[in-house]
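This report concerns only the one structure given below.
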Amino acid sequence: MTKNMGHADRLIRTLLAVVIIVLYITKVLTGTLAVVLGVIAIIFLLTSAIGVCPAYLPLKLSTLGSAPAPPLEMADAVPVEPEPAAAVPEPEPEPAPEAPTPEPTPPEPVESAGGDEAEAGVPGEDETKVGE
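Numbering of the sequence shown is given in the numbering used here, commencing with residue 66 and proceeding in unit increments.
Structure follows, in structure tokens:
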């Protein structure tokens, strides 16, 4: 028979069987439950020892792990075409720099009809305000 039980499966079954046996010996399990679990513990120990689980056979199960894939023959190989390179989008052009805006010129003072600054109410450099 071909083994179909992995290491972890065998270890878990052995540990469960040992727990059932300990519970039976310490009289925690009694009656019909003790007999049923005792039979299961014996089955677990036997299947763990030989590495084959008869219940796995009709279901074609295996916890042994995956076997390495068989090598491909050259006749079985399918040629693979390389994938086309992904199109790289072109970068967007940078916006043209804006023309510098001219600084606003201050408004020119409005002159009165007489043309004299003193009369217009704007003191000149030589004049001082009255009341100082």
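Using N, Cα and C, we set each Cβ at its ideal position, and we do this for glycine too. Nothing here was measured: the structure is a model prediction, and the numbers come from that model.
- For proline 123, the enclosing alpha helix (DSSP H) begins and ends at 121 to 124.
- Along the segment 79 to 110, the beta strand (DSSP E) does not occur as any fully enclosed run of 3 or more residues.
- An exposed status is given to alanine 152, since fewer than 16 other beta-carbon atoms sit within 10 Å of its beta-carbon.
- For leucine 76, the secondary structure class from DSSP, reduced to helix, strand or coil, is helix.
- By the Cβ criterion, the segment 148 to 165 is not in contact with the segment 78 to 95, since fewer than three pairs of Cβ atoms, one from each stretch, lie closer than 8 Å.
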